[in-house]
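Working notes, structure below.
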Ligand code: CA
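In this note's numbering, the protein residues as written are 1 to 220.
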């Protein structure tokens, strides 16, 4: 027994998946196809995708934002957890990766729930705000370029309704955030956002050591 978070060795991680993962076949195949891409490490872990789907169901979210789509794995978990009239507004700049995403969204029968914006996410987020969509989203997932994390956080907070949830990925960044010798721009950006959210009285938070670190932020 331990009152500290366990470090998962390979055997314990495999056990965790074996007794808890319910990954639909279409998601399993998408993950397998993405694993062949040299950038496969950008894909969310399966237990993380399932956890986000649970959060969507738990919060009754129907209007969701995703910043950073890659091959669409997490967006598909979220879309499958939504009610029929649920929507995901998805932001990415890669035609190549999102082409894979669209193929699996289509196959899963939820392509109609996901509106993909192929443009820099800041442009899309600012346009949503200009269109009067502030305060209308229930859920946001931030998982794109780390240098813009603070900007994505502020825009997401504006777009969310009170009681809405933001999930931020990679907030433990392979442990580099706790290593003062790591001063590259991505590590510094994540470290600064973590410290900022800790002091941000507009929100409640929890930083979970799930996968590469997952911060949950509840807008007050
Ligand atoms: Ca990520």
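Where a beta carbon is used, it is the ideal one built from N, C-alpha and C, also for glycine.
This one's a predicted model, so the numbers in the text were calculated from it and none came from an experiment.
Cβ-Cβ distance between residue i and residue j below 9 Å
i	j	result
residue 136	residue 63	yes
residue 138	residue 59	yes
residue 173	residue 147	no
residue 61	residue 54	no
residue 211	residue 169	yes
residue 149	residue 208	no
residue 31	residue 48	no
Cβ neighbour criterion (16 or more within 10 Å) applied to residue i
i	result
residue 196	exposed
residue 71	buried
residue 123	exposed
residue 19	exposed
residue 74	buried
residue 15	exposed
residue 179	exposed
residue 221	As shown, the chain starts at 1 and ends at 220. That puts residue 221 outside it, with no answer to give.
residue 78	buried
residue 34	buried
residue 191	buried
residue 46	buried
residue 127	exposed
residue 171	buried
Where residue i sits in the DSSP three-state scheme
i	result
residue 175	helix
residue 89	strand
residue 215	strand
residue 46	helix
residue 112	helix
residue 160	strand
residue 70	coil
residue 165	strand
residue 204	strand
residue 40	helix
residue 65	strand
residue 131	coil
residue 126	helix
residue 138	strand
residue 21	coil
residue 247	Since the displayed the chain opens at 1 and closes at 220, residue 247 lies outside it and no answer follows.
residue 6	coil
Own chain residues within Cβ distance below 8 Å of residue i, not counting five before or after
i	result
residue 22	50
residue 202	157, 219, 220
residue 206	215, 216
residue 140	64, 65, 66, 67, 156, 159, 160, 164, 165, 166, 167
Same chain, Cβ closer than 6 Å to residue i, neighbours up to 5 away in sequence not counted
i	result
residue 91	67, 117, 121, 124
residue 57	81
Own chain, CB closer than 7 Å to residue i, minus 5 neighbours either side, in chain order
i	result
residue 108	26, 76, 80
residue 228	Any property of residue 228 remains undetermined from this structure, which presents the chain solely from 1 to 220.
Inset, instruction - Report yes or no: do the region 73-88 and the region 107-117 share at least 3 C-beta pairs separated by less than 8 Å? - result: Under the 8 Å Cβ criterion, the region 73-88 counts as touching the region 107-117, having at least three qualifying pairs.
Inset, instruction - Decide if the region 23-43 is in contact with the region 97-112; the criterion is three or more beta carbon pairs, one per stretch, under 8 Å apart. - result: yes
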